Amino acid sequence: MEHLPPIEIDPKTFLRQHCTLPALPTVVTTLQQMLQNENTSISQIAELISSDPALVAQILKIVNSAYYSLPQEVSKIHFAVAFLGLNEIYRLALTLSVINTLNIAQSRELTAFWFHSFFTALCTKHLAKAYVPQLPFDELWSAAILHDIGKLVYLKFFPEHFAALQAHCTEHGCLFSTAEERLALPPSSFLGILLCEHWLLPSKVRDACTYHSLKDLATLHQHTSPAGDFRRMVCLGNLAAVLANDPLTTEVKHQLAEAITGVLRITESQFLALMGSIYELRLEVESFLKKFQ
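The letter at position 50 of the sequence shown is residue 1300 when you use the numbering used here, and the numbering goes up by one with no holes.
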């Protein structure tokens, strides 16, 4: 880290002057406007999305993934819109456009991002179904997928710093947030919040970027409300995915296990059963990525 300069960020100018980003694709902004018109039809939405073939291909792969578990494979965007509804298709298009517009060149790191994000989405939905079934599942996808979007901002604008953080995690078996603190670098969650503000992303996505670390879980545990439940499930989904996949020390694994067990108020045997299900979901992630890439 000695040779890397410190990162100084002015929230007012970052992403506008120093590290600029383009606007989101026209298809997303037009889609948002169309959804405000109650007379908008499925055919109109499908026609608009069809103007971006690459986006159509990505949406169909996700629609046919284990996250949605549809009764039959969907091969046309028209049927995808009919199955999931206009608002969910918009959230899918928005989520994919955010990631695509960042235009990350490092394919290995982008694949790792997708692995963890999709794993988090599956874990979050699994946990929510079991412990907070009244949550709006249709909104969980975008929040879970984009909770770590700040890491892509790191990758795009500060790749050497990101590499140093990753190396520290690998060497010491620690959480990414711990590495950020030890190396005195801005939290990726903060960069994610700035991106949400820059592109006016939904509040639940901003919440997911803000509250998904181990330290956040203790605070979230104190708030019982629909919004608090939503944040807590995304945070737990992230931590469960990290526990099941990241190269952590025994001490850190114990901390995560203890935190998850405490928040869910489950026994050790129930926790082991839960993690068994989480490991099965990881196989679904591996299958999804083979088709998605």
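Ideal Cβ placement from N, Cα and C applies to all residues, glycine included. Small disclaimer: the values here were computed from a predicted structure and weren't measured.
Shown here, Q1308 sits in a helix according to DSSP, grouped into three states. 7 Å or more divides the Cβ of T1374 from the Cβ of V1278. Residue nearest to A1458 within the set Q1384, S1439, H1471, L1533 is S1439 (criterion: CA-CA distance). In the three-state DSSP reduction, H1253 falls in the coil class, being neither helix nor strand.
Taking a contact to require three or more Cβ pairs closer than 8 Å, the stretch 1292-1305 and the stretch 1509-1526 do not qualify as touching. DSSP places N1337 within a helical segment (H, G or I) once states are collapsed to three.
The residue from K1540, L1467, E1536, Q1472 with its alpha-carbon nearest to that of A1507 is L1467. Less than 7 Å divides the Cβ of A1393 from the Cβ of V1455.
With fewer than 16 other Cβ atoms from the protein chains shown falling within 10 Å of its own Cβ, R1432 counts as exposed. Per DSSP, the unbroken alpha helix (DSSP H) holding D1388 starts and ends at 1387-1396. L1336 places its beta carbon 7 Å or farther from that of I1399. The beta carbon of I1443 sits closer than 7 Å to the beta carbons of R1456, C1459, T1460 from its chain, once the five residues preceding and following it are set aside; these are given in chain order. With contacts defined by Cβ atoms closer than 7 Å, F1369 and F1538 do not form a contacting pair. DSSP places H1376 inside the alpha helix (DSSP H), whose first and last residues are 1357-1381.
By the neighbour-count definition (other C-beta atoms within 10 Å, threshold 16), L1405 is a buried residue.
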